[in-house]
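Heads up, the thing below is written out as structure tokens.
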Amino acid sequence: MTDMSYTASQSGSRAGKIALRWTLYLMLGLFALFYLMPLFVMVTTSFKSLDEIRTGDLISLPREVTFEAWRTAWSQACTGIQCEGVRPYFWNSVLIAIPAVLISTLIGALNGYVVAQWRFKGANLFFALMLFGCFIPFQVVLLPMARTLGLMGMAGTIPGLIFVHVIYGLGFTTLFFRNYYVSIPSELTKAAKVDGAGFFRIFWSIFLPLSLPIIVVTVIWQFTQIWNDFLFGVSFSQAGTQPVTVALNNIVNSTTGVKAYNVDMAAAIIAALPTLFVYVVAGKYFVRGLTAGSVKG
Amino acid sequence: MTKWLEEHMPKLVLAPSFIVVLIFVYGFIAWTAWVSLTRSRLLPRYEIDGFIQYDRLFASPRWDTAFTNLFVFGFLFIVIAMILGLILAILLDQNIRTEGAIRTIYLYPMALSMIVTGTAWKWILNPGLGLEATVRGWGFENFTFNWLVDPNMAIYTVVIAAIWQSSGFVMALFLAGLRSVDQEIIKAAQVDGIPTWRVYTAIIIPAMAPIFLSAFIVLSHLAIKSFDLVIALTGGGPGYATDLPATYMYTMAFSRGDIGQAASSAMIMMMVVFTIVVPYLYSELRTKDD
Amino acid sequence: MAPILEINNLFKSYGSTQILKDINVAIEQGDFLVLVGPSGCGKSTLLNCIAGLEPITDGRLSIGGQDMTHVNPKDRDIAMVFQSYALYPTMTVAKNITFGMKVRGVDQSTQDEKLKHVATQLQIEPLLNRKPGQLSGGQRQRVAMGRALVRDPKLFLFDEPLSNLDAKLRVEMRTEIKALHKRLGASMVYVTHDQIEAMTLATKIVVMKGGVIQQIGTPSEIYNHPANLFVADFMGSPAMNLIPAKTKNNGQGVEIEIARETGGPITLIDTKNKDLPENVILGVRPEDIADANLRRSEDRQEADCMIDIVEPAGADTFAVMQLGGKQVTARLHAETAAVAGQNLNLAFDLGKVSYFGPETGERLN
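Residue numbers (my numbering), protein chains in the order written: chain A, 219 to 515; chain B, 106 to 395; chain C, 22 to 386.
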């Protein structure tokens with residue numbers, strides 16, 4: 219922590235110091251309001267009735283708390299022609315995210331292990347190619363991917379979406395594990411080789427037990443990415459296989475009937491809950507993933 | 106045989122990923138590049154026909170708007186998010202007792218889907234019942250805030266929502282950077298009687314240059330990829346006033362059935378990313394090898 | 022009996038950089054071979070080549086008479102102790118020690134028995150259920166040794182195993198390793214950059230520099246007859262004094278003339294070495310320069326020298342002076358009368374000196 223109290227006591231009086239401190243907290247508080255306000259508005263709106271919403275006060279607490287909007291959002295809201303709420307799409311997202319996260323994490327772990335500990339000619343080139351793959355705008359692969367999924371008979375299916383998420387998640391998962399394993403001394407691998415252990419034995423008995431923190435970071439990162447994905451979801455799914463983000467967007471933009479803002483907000487919160495939950499429970503690892511994904515090395 | 110397997114196991118393990126990346130990243134980029142040079146419309150055609158798609162692209166007023174928007178949006182988003190992130194980081198760096206909680210509040214939007222963010226801000230900025238109506242309800246009858254439906258201003262609502270979503274992340278990056286500056290140097294400066302603000306401007310911030318670069322790269326990358334946010338917040342509208350290259354590409358590919366335009370606009374996005382990311386990655390990999 | 026380790030014409034390069042050039046070494050059963058040299062001399066790479074952890078570019082390597090040039094580490098019947106100890110962080114001490122046996126499918130009762138034996142031998146029984154993170158540096162060192170011992174291999178390899186310990190512990194462990202070697206009669210190859218470790222432990226020393234072997238010999242050969250200026254300078258502390266001098270054959274012996282800053286040159290007469298070129302570098306160990314009033318020896322040649330600095334160091338007192346344009350250190354008896362800034366009559370023991378060619382750096386006598 220950068221301790222600035224020393225200079226503060228040097229310059230300025232005690233009263234000035236206290237005033238400065240108050241200003242500081244005031245500013246931090248105002249910013250906190252800025253970040254919290256949309257969440258607050260979402261939550262309060264979702265508990266209001268449409269009549270109350272029409273009075274037009276965004277900030278007020280609901281006069282009468284009603285769960286109607288939540289019920290509608292979960293099981294009745296229309297996403298186009300169907301009116302089943304976000305529930306089926308929520309489960310689609312679960313069905314997509316869980317296998318995609320597990321597979322991409324496992325492959326990333328093996329890749330990272332090879333690149334970091336079993337260097338061979340070309341391993342660095344592989345890593346550079348992978349790393350660059352993290353940065354491409356996915357628009358550039360949308361068209362050929364749509365055709366390829368069609369050729370493989372996976373167009374508009376959940377396995378198709380899992381496949382896409384695994385492939386374009388590999389760059390990051392490999393990066394995470396590689397950077398983690400690179401900091402483990404190579405003498406460990408050498409010692410195990412002399413002890414007689416082979417490639418998979420060393421991975422299984424020595425590296426995997428060491429990897430819990432990076433597994434958590436990777437799983438959280440991948441889960442957040444895949445759960446929150448919209449582009450792949452909207453491009454490669456069809457009516458029954460859409461993930462929750464696509465369904466949410468359809469609900470919000472469906473033109474049939476009265477605009478039910480409370481339902482929109484309830485649906486949005488439902489779509490956000492899993493990742494918010496992960497963030498609250500394991501925020502430390504979430505932030506580590508974010509910074510690891512941006513500050514390479 | 107087992108000895109051969111043993112020796113080549115690392116390569117064998119890497120091979121599937123390598124092939125997958127070659128095909129699904131580089132092969133697909135090549136495919137898109139190829140198609141962008143053809144007369145493809147509803148179906149891809151493979152006879153190369155020069156830069157006709159790019160000519161069409163740059164003659165299109167809609168692309169013109171999308172491309173201009175990218176720079177307006179990108180510039181404002183990156184600059185404001187960085188400044189805000191830095192201010193927040195410095196404020197939080199002053200021995201704040203509730204730092205953990207405040208950080209959690211600043212950063213949570215990053216966990217949300219951009220669709221959720223867009224939905225929330227669409228509601229808040231909606232002139233009929235949102236912020237405008239609320240402030241009017243407080244007695245300011247003439248208060249107007251209708252950017253969301255104003256073709257000239259709508260792109261700025263995207264900027265606001267994007268900043269709300271990502272500035273906390275920039276703060277986290279900068280905070281980590283501030284903490285990684287050698288504490289002895291800071292102590293030495295304090296012993297020398299250098300005022301706090303000078304310590305920041307002269308020592309800490311210059312030492313964080315690499316973090317600024319990382320933040321810039323990540324933010325510009327986010328800006329170029331911004332698709333979900335526009336779809337959810339404005340749907341590209343009013344009209345196509347808030348189109349970005351990403352939404353343009355999507356519209357061409359999946360609504361208009363104009364594969365040639367989709368491919369060429371995707372290639373332009375790719376090139377923008379290239380010019381920013383490649384030098385960065387190159388220098389990163391270089392320094393790591395030394 | 023075949024040598025336990027034999028290396029013939031070994032070359033190792035990474036791309037176009039040669040790391041090891043034409044290495045030839047052989048040791049017998051029970052030898053303690055120390056590879057010593059400054060960092061970057063290739064000693065650790067050579068050890069990794071012996072272990073099979075680095076492929077050899079060219080040459081042949083055999084262990085126990087069997088060709089091992091292209092054999093995997095696990096099939097070489099070796100055990101290795103690493104600089105960082107490389108203990109498996111998630112396993113207990115016991116599991117660390119038995120991991121190799123477990124991998125090789127040794128049955129549980131044998132594992133237990135061997136573990137118990139090694140634990141007793143190294144006095145680490147109380148630590149068996151702890152994880153490496155809960156151990157001190159010295160304890161980790163013992164566990165790493167245990168992991169090697171339990172394997173009972175043909176050849177032990179040590180890669181700077183003491184360099185992460187503090188000075189006191191290092192001396193203790195050094196003695197312990199030496200005792201262990203004696204007790205087991207095992208063959209060992211040991212890498213270090215510390216020439217004192219090399220001198221105290223080795224039965225045979227290989228001094229390396231820039232990937233080339235400079236000298237192979239017993240500690241006493243290396244110390245008393247260094248093959249070139251590099252070995253002379255590297256082995257021994259304080260280092261051997263290397264003084265430029267001129268020689269003149271006067272019939273009975275060779276007059277060795279050493280220039281001084283003030284006053285005329287000093288002249289020493291060597292009666293044993295006759296065929297020396299005109300310009301030489303005279304190598305004298307600090308202990309071969311004595312206070313003439315306190316020590317007697319046969320081949321001594323006395324000369325008055327101006328002492329610049331006197332450094333008492335307990336048992337010895339070091340006196341520093343300028344001779345032949347070089348700083349020269351003498352290791353004197355603690356009761357010496359040496360005073361800085363005054364002349365002292367010093368005795369040079371010419372029976373033990375070395376001569377080197379100034380251009381080639383090679384030993385002349």
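Glycine included, every Cβ here is placed at the ideal spot set by N, Cα and C. Every value quoted in this text rests on a predicted model; they were computed, and no experiment measured them.
| Check | Outcome |
| --- | --- |
| Just checking, does the region 193-210 of chain B make contact with the region 321-328 of chain B on the three C-beta pairs under 8 Å criterion? | no |
| For the alpha helix (DSSP H) that contains G238/C, what are its first and last residues? | Run containing G238/C: none in the alpha helix (DSSP H); it sits in the beta strand (DSSP E), 233-238. |
| Does the count of Cβ pairs from the region 180-194 of chain C and the region 144-161 of chain C closer than 8 Å reach three? | yes |
| Return the CA-CA distance between Q142/C and M194/C, expressed in angstroms with no decimal places. | 14 Å |
| Whose CA, out of K269/C, L365/C, L176/C, lies closest to the CA of R97/C? | L176/C |
| Please classify F417/A as buried or exposed, where buried requires at least 16 other C-beta atoms within 10 Å of its C-beta. | buried |
| Using C-beta distances below 6 Å, list every residue in its chain close to G223/B, excluding the 5 sequence neighbours before and after it, in chain order. | L334, A337, L338 |
| In chain C, which residues lie less than 9 Å from P193/A when you measure between Cβ atoms? | There is simply no residue 193/A to check, as chain A begins at 219 and stops at 515 in what is shown. |
| With DSSP run on the structure shown, which of helix, strand or coil describes I487/A? | helix |
| Is the Cβ of V184/B closer than 8 Å to any Cβ of chain E? | Given the protein chain composition of this structure (A, B and C), no chain E is represented. |
| What do you get for Q199/B, buried or exposed, if any count of 16 or more other CB atoms within 10 angstroms of its CB means buried? | buried |
| Is S331/B buried or exposed, if buried means 16 or more other CB atoms sit within 10 Å of its CB? | buried |
| Give the residues from the region 84-95 of chain C that approach chain A closer than 9 Å (Cβ to any Cβ), ordered along the chain. | N93, P94, K95 |
| Do we get a CB-CB distance below 8 Å when we pair L74/C with the residues of chain A? | yes |
| Measuring only the C-alpha atoms, how far is S122/B from I308/B? | 44 Å |
| To the nearest whole angstrom, what separates the beta carbons of L58/B and N329/A, a pair I think is in contact under 8 Å? | Missing from the structure shown is residue 58/B; chain B here goes from 106 to 395 and no further. |
| Is it buried or exposed for D348/B, if we count other Cβ within 10 angstroms and need 16 for buried? | buried |
| Between T73/C and P59/C, is the Cβ-Cβ spacing less than 8 Å? | In the sequence on display, residue 73/C carries Gly and not Thr. Not a contact, by the Cβ cut-off of 8 Å. |
| From the beta carbon of S227/A, is the nearest beta carbon of chain B less than 8 Å away? | For S227/A, the predicted model reports a pLDDT of 45, less than 50, meaning its position is unreliable and no value from the coordinates is stated. |
| Tell me which same chain residues have a C-beta within less than 7 Å of the C-beta of A233/A, skipping the five on either side of it? | none |
| At 9 Å on the CB atoms, spell out the chain A contacts of T432/B, in chain order. | No information on residue 432/B is available, as it lies outside the stretch 106 to 395 that chain B covers here. |
| Can you give me the C-alpha to C-alpha distance between Q228/A and W240/A, rounded to a whole angstrom? | Per-residue confidence for Q228/A stands at a pLDDT of 48, beneath the threshold of 50, marking its modelled position as unreliable; no derived number is given. |
| Please go through the same chain and pick out, in chain order, the residues whose beta-carbon is closer than 6 Å to the beta-carbon of L183/C, but skip the five residues on each side of it. | R191, M194 |
| Is it buried or exposed for E181/C, if we count other Cβ within 10 angstroms and need 16 for buried? | buried |
| Does H202/C come out as helix, strand or coil in the three-state DSSP assignment? | helix |
| In this structure, how does DSSP classify E237/B when only helix, strand and coil are distinguished? | helix |
| Would S218/B and T323/A be called neighbours here (beta carbons separated by less than 8 Å)? | no |
| Could you confirm whether any beta carbon from chain A is found closer than 8 Å to the beta carbon of I16/C? | The displayed coordinates of chain C run from 22 to 386. Any statement about residue 16/C would go beyond what the structure contains. |
| Is there a Cβ from chain C that is less than 8 Å from the Cβ of I433/A? | no |
| For chain B, is any of its Cβ atoms less than 8 Å away from the one on R272/A? | yes |
| In the DSSP assignment, find the unbroken alpha helix (DSSP H) run with N310/A in it and report its ends. | 305-335 |
| With H, G and I counted as helix, E and B as strand and the rest as coil, what does DSSP make of V228/C? | strand |
| May I ask which residues mark the beginning and end of the alpha helix (DSSP H) holding L244/A? | 232-264 |
| What do you get for F274/B, buried or exposed, if any count of 16 or more other CB atoms within 10 angstroms of its CB means buried? | buried |
| So N467/A contacts chain B; which residues on that side make the cut at Cβ distance below 7 Å? | I220, I336, A337 |
| Short check: CB of V252/C to CB of Q236/C, under 8 Å? | yes |
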